[in-house]
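Single-structure report; data block below.
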Amino acid sequence: MKLVLPGLLRDELLPRIAAVAPDATIVWYDRDGQPEAPIDDAEVLLRWFFTSEQLARLVRQMPALRWLHIPRAGVDGSLIPEVLERDIIVTNSAGVHAIPISEFVMLFALSHVKQALHLHQLQAAHRWRDQDLQLRELAGSTMLIIGLGQIGQAIAERASAFGMRVWGSRRTPRPTPGVERVVGEGEWRSLLPAADFVVIATPLTPATRHMFGRAELALMKPDAYLINIARGEIIDEAALIEALRERRIAGAGLDVFAQEPLPPDSPFWTLPNVFVTPHVSWSSPHIRSRTLDLFATNLRAFLQQQPMINVVDKQAGY
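The sequence shown begins at 1418 in the working numbering and counts up by one.
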């Protein structure tokens, strides 16, 4: 068995591989995705953070590739033609980022109701308080989570702990801990008029690209707050900017954007009712070890021909 792995993680991967597949041959690749030796007979590829073009080049060099693991929950940049057209198992790292991302959602929500950005402006101006302060509570408010995967479920758990009423949508509706009402993936729009917070937590697929646009924004309450920790392309950003400028919704907490890094001239930077963060909601010192532990667990399952964790439906896109 030959594995193609990122040399950047050599020290962390070696003990994990030794425990699961001590006889495996490892070919390391560099930061540009260049392998140190031929990989035409390699069956396993752990993608790290390189481009889709570099991934395509590697996959083309691996006619024996049977399994590709992605270190992210989203696989939109990995389901390239070279992968889709072949019988390659794809697994992702869904769940690995659930804790930090769900905490980040609560940061956005708390920052909104407690006016954290405004309070910091007062501090910078050496002002004790002003008449604009109108602090509110999360308890008793309603959060709609669009996408109840592992991240969405972690968000629901934390929002529920704050005393919020939580609604959510998922492809197959079923009872979900912390969620009072679960609807199908095509039914969440009917819940928008009653939601105080709307959280985008669904994968980016052809079906979800720009699924949240003018019509959906028009259904939201004027005092509702939109949070996106999924992918920027899911939202029609031009429509969102227009709604924020005209105060048709209260504001937005945005960690992801259609173009990243966010261009310096983007209106999002200067809109007073937007909290911009640079796609860091996933970040935590524990992410790498969780990802590699998941890879090792799946490697054991792969070798033993047992069911693997987080197998991606390549046609559905997640």
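Quick reminder that beta carbons are idealized off the backbone N, C-alpha and C, glycines included.
Does the separation of the CB atoms of residue i and residue j fall below 7 Å?
i, j, result
"GLU1499", "ARG1477", "yes"
"PHE1712", "HIS1486", "yes"
"PRO1488", "THR1708", "yes"
"LEU1643", "PRO1610", "no"
"ASP1730", "HIS1696", "no"
"GLU1659", "ALA1675", "no"
"TRP1699", "ILE1518", "yes"
"PHE1692", "SER1528", "yes"
"LEU1524", "LEU1561", "no"
"GLY1569", "ALA1641", "no"
"LEU1634", "ALA1656", "yes"
In this structure, does DSSP put residue i in helix, strand or coil?
i, result
"VAL1476", "helix"
"MET1581", "coil"
"SER1683", "coil"
"LEU1539", "helix"
"THR1694", "coil"
"THR1622", "coil"
"ILE1726", "coil"
"ARG1553", "coil"
"GLY1491", "coil"
"VAL1600", "strand"
"HIS1529", "helix"
Run the CB neighbour count on residue i, radius 10 Å, all protein chains shown included, and call it buried at 16 or more, exposed below.
i, result
"PRO1689", "exposed"
"HIS1627", "exposed"
"THR1625", "buried"
"LEU1661", "buried"
"ALA1490", "buried"
Ordered along the chain, which non-local residues of its own chain (more than five positions away) have a Cβ less than 6 Å from that of residue i?
i, result
"VAL1596", "ALA1573, VAL1583 and GLY1585"
"ASP1493", "LEU1621"
"GLY1512", "GLN1567"
"SER1495", "ILE1487"
Kindly list the residues whose CB is nearer than 8 Å to the CB of residue i, restricted to its own chain and excluding five residues on each side of it in sequence; keep chain order.
i, result
"ALA1482", "It should be pointed out that residue 1482 corresponds to Leu in this sequence rather than to Ala. Counting only Cβ-Cβ distances below 8 Å, and skipping sequence neighbours, we find ALA1459, GLU1460, VAL1461, LEU1462, VAL1476, ARG1503 and ILE1505."
"MET1418", "ALA1438, ASP1440, ALA1441, THR1442, GLU1460, VAL1461 and LEU1720"
"PRO1452", "VAL1421, VAL1444, TRP1445, TYR1446, LEU1475 and GLN1478"
"LEU1559", "Here the sequence assigns Thr to residue 1559, which means Leu is not the residue at that position. Excluding residues within five positions, the ones whose Cβ falls inside 8 Å are MET1581, ARG1582, VAL1583, TRP1584, ALA1611, ALA1612, ASP1613 and PHE1614."
Check whether the Cβ of residue i lies closer than 7 Å to any Cβ atom in chain B.
i, result
"ARG1477", "The chain labelled as chain B is not found in the depicted structure, where only one protein chain is given."
Starting from the C-beta of residue i, find all residues in its chain whose C-beta is less than 7 Å away, skip the five residues before and the five after it, and write them out in chain order.
i, result
"LEU1430", "LEU1422 and LEU1709"
When you measure from the CB of residue i to every non-hydrogen atom of the ligand FAD, does any distance come out below 6 Å?
i, result
"GLN1551", "With respect to the ligand FAD, the structure offers nothing, as it holds no ligand at all."
Legend entry - Unbroken stretches of the beta strand (DSSP E), 3 residues or longer, contained in the stretch 1429 to 1481: Counting whole runs of 3 or more residues, the stretch 1429 to 1481 contains the beta strand (DSSP E) stretches 1442 to 1446 and 1461 to 1463.
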